[in-house]
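Data first, discussion second: the structure below is written as structure tokens.
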């Protein structure tokens, strides 16, 4: 998966000094006999994120309904079964993969082996603040898409930075706010769905038809490539911030969401017009692997790639 580095249209400065510590007691983390805290942010005065490194023994149980954004990164492979709102993930969550549970999510988990895991919680108020800056929509109209065991290099890097902040706590009661903003922005840019509602007050410039044609041509020719969206902004003579704002105003999607639509549509065409394997189609359409394709394809079209091909050929 490509990392999308997007910035809010105007900077949101952290609050100084920290108003109230965001403690682990406010999160849904269950500190029962199967979960042992190795290190945590409690007592450091962090106001916008809470972090805990835990050793988790095999167990079966349910997490309380979330009131904050919860991200996890296992340090070793996790053999598990996750039932999230009726959708089941069963298998191995690879070390350094990322899982995200949005506020309101209720999970049932079966863990089959002992794991060491990084847990990062972001206050819902921080999500609200950054969403308003990025999308200029009420946060209730921005849906965060939960996932498990995904590859997101940028998000993984930011989560590991939380662990480094625990190891170097001097001044971290200031720095945690910047890190929380970066994580929130990455989640909203890559793992959120904007509902089709009018923009809030204020008129925003859009991209011209000629600019959109150049963008489409560039993206279609680079679906399987590795590039930064800053390169695309530069190619049409805009800064990244202005490009992001105008692109969102024009399409109703972030650049990464728009790219994923192009990729999933190419995958559909290849399924219908070729006999290539699902793994080959995933690579040709720019997905990291077959499971990555399957997840986005089903989210977009409501059926798996294999089922879609079978229905078209049957």
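Numbering (this note's numbering), first residue to last: 11 to 324.
For each residue, glycine too, the CB sits at the ideal point set by N, CA and C.
Going by DSSP in three states, residue 42 sits in which element: helix, strand or coil? By one-based count along the chain shown, residue 42 stands at place 32. Here residue 42 sits in coil by DSSP.
Where are the beta strand (DSSP E) runs, 3 residues long or more, that stay fully inside the region 40-78, in chain order? Runs of the beta strand (DSSP E) spanning 3 or more residues and lying entirely within the region 40-78 occur at 45-50, 59-66 and 69-72, in chain order.
Run the CB neighbour count on residue 284, radius 10 Å, all protein chains shown included, and call it buried at 16 or more, exposed below. In the chain shown, the residue the question calls residue 284 occupies position 274. Per the 10 Å Cβ criterion, exposed.
Where residue 213 and residue 155 are concerned, what is the direct C-alpha to C-alpha distance, given to the nearest angstrom? In the chain shown, the residue the question calls residue 213 occupies position 203. In the chain shown, the residue the question calls residue 155 occupies position 145. Unreliable positioning characterises residue 213 in this predicted model, as indicated by a pLDDT of 46, which lies under 50. A coordinate reading is not provided.
Under the three-state reduction of DSSP, which class applies to residue 186: helix, strand or coil? The residue labelled residue 186 in the question sits at position 176 within the chain shown. Under the three-state reduction of DSSP output, residue 186 falls in the helix class.
3-residue-minimum beta strand (DSSP E) runs that sit fully inside the region 91-175, ordered along the chain: The qualifying runs are 97-103, 108-111, 117-121, 125-132, 152-154 and 157-160.
Could you please give me the residues that DSSP links to residue 318 through a beta bridge? Position 308 of the chain shown, counted from the first residue, corresponds to residue 318. Note: residue 318 sits in no beta bridge, so no partner.
Please state whether DSSP places residue 265 in a helix, a strand or coil. Against the chain shown, residue 265 aligns to sequence position 255. Here residue 265 sits in helix by DSSP.
Taking the beta carbon of residue 191 as the centre, do at least 16 other beta carbons fall within 10 Å, making it buried, or is it exposed? Taking the first residue of the chain shown as 1, we reach residue 191 at position 181. Around the CB of residue 191, 16 or more other CB atoms lie within 10 Å, so the residue is classed as buried.
Looking only at C-alpha atoms, which of 225, 286 and 130 sits nearest to residue 58? Your numbering for residue 58 matches position 48 in the chain shown. Here the closest residue by C-alpha is 130.
Once you ignore the five residues that flank residue 319 on each side, which residues in its own chain have a CB closer than 6 angstroms to its CB? Here the question's residue 319 lines up with position 309 in the chain shown. These residues qualify, in order along the chain: 281.
What's the gap between the Cα of residue 211 and the Cα of residue 264? Your numbering for residue 211 matches position 201 in the chain shown. Your numbering for residue 264 matches position 254 in the chain shown. Its pLDDT being 46, under 50, residue 211 is placed unreliably by the model, and the measurement read from it follows with that caveat. Between the C-alpha atoms of residue 211 and residue 264 there is a straight-line separation of about 19 angstroms.
DSSP bridge partner residues for residue 30 (one or two, in chain order): Position 20 of the chain shown, counted from the start, is the residue given in the question as residue 30. Beta bridge pairing from DSSP links residue 30 with no other residue.
Reducing DSSP to helix, strand and coil, say where residue 284 ends up. Within the chain shown, numbered from 1, the residue matching residue 284 stands at position 274. The answer is coil: DSSP assigns residue 284 none of H, G, I, E or B.
Secondary structure at residue 202, three-state DSSP: helix, strand or coil? Against the chain shown, residue 202 aligns to sequence position 192. In this structure, residue 202 counts as strand in the three-state DSSP scheme.
Compare the Cα-Cα distances from residue 243 to each of 235, 217 and 267 and report the closest residue. Locating residue 243 in the chain shown gives position 233, where the first residue counts as 1. Nearest C-alpha to residue 243: 217.
Terminal residues of the continuous alpha helix (DSSP H) containing residue 229? The residue given as residue 229 occupies position 219 in the chain shown. From DSSP, the alpha helix (DSSP H) with residue 229 extends over 219-231.
Nearest-angstrom Cα distance between residue 47 and residue 236? Sequence index remark: in the chain shown, residue 47 carries index 37 (1-based). Sequence index remark: in the chain shown, residue 236 carries index 226 (1-based). So the alpha carbons of these two residues sit roughly 38 angstroms apart.
Cβ pair count under 8 angstroms reaching 3, the region 58-74 against the region 28-47: Taking a cut-off of 8 angstroms for Cβ pairs, the region 58-74 and the region 28-47 touch, as three or more such pairs fall below it.
Can we say the region 216-230 touches the region 163-182, given the rule of at least three CB pairs closer than 8 angstroms? No: the two stretches stay apart, fewer than three of their Cβ pairs being nearer than 8 angstroms.
Which residue from 231, 222, 266 and 262 puts its Cα closest to that of residue 239? For the purposes of this step, residue 239 is taken as the residue at position 229 of the chain shown. Considering only alpha carbons, the answer is 266.
Length of the line joining the Cα atoms of residue 270 and residue 157: Here the question's residue 270 lines up with position 260 in the chain shown. Here the question's residue 157 lines up with position 147 in the chain shown. Each residue's Cα considered, the two are about 16 angstroms apart.
Among 278, 295, 108 and 308, which residue has its Cα nearest to the Cα of residue 323? If you number the chain shown from 1, residue 323 lands on position 313. Of 278, 295, 108 and 308, the residue nearest in Cα terms is 278.
Residue 84 vs residue 51 beta-carbon contact at 8 angstroms: Translated into positions along the chain shown, residue 84 becomes position 74. Translated into positions along the chain shown, residue 51 becomes position 41. No. Outside cutoff.
Cβ-Cβ separation, residue 81 to residue 169 (assumed contact under 8 angstroms), whole Å: Counting from one through the chain shown, the residue named residue 169 turns up at place 159. Counting from one through the chain shown, the residue named residue 81 turns up at place 71. Right, their Cβ atoms sit about 6 angstroms apart.
Three-state secondary structure assigned by DSSP to residue 88: Taking the chain shown and counting its residues from 1, one reaches residue 88 at position 78. Residue 88 sits in a strand when the DSSP states are folded into three classes.
Which same chain residues end up closer than 6 angstroms to residue 182 when comparing Cβ atoms and leaving out the 5 residues on each side of it in sequence? In the chain shown, counting from the first residue as 1, residue 182 sits at position 172. Around residue 182: 54 and 175.
Let's see if you can read the secondary structure: which residues bound the alpha helix (DSSP H) around residue 37? Numbered from its first residue, the chain shown carries residue 37 at position 27. Neither: residue 37 is in no alpha helix (DSSP H) and is coded neither H nor E.
Bridge partners of residue 83, per DSSP? As a first step, residue 83 is located in the chain shown; it is residue number 73 there, counting from the start. For residue 83, which the question treats as bridged, DSSP gives the partners 128.
Classify residue 236 as helix, strand or coil using the three-state DSSP reduction. Here residue 236 is taken as the residue at index 226 of the chain shown, counted from 1. The answer is coil: DSSP assigns residue 236 none of H, G, I, E or B.
Own chain, CB closer than 6 angstroms to residue 250, minus 5 neighbours either side, in chain order: To locate residue 250, count along the chain shown from 1; it is residue 240. Closer than 6 angstroms at Cβ, skipping near neighbours: 240 and 243.
Do the CB positions of residue 5 and residue 95 come within less than 8 angstroms of each other? Here the chain covers residues 11 to 324 and nothing more, so residue 5 does not appear.
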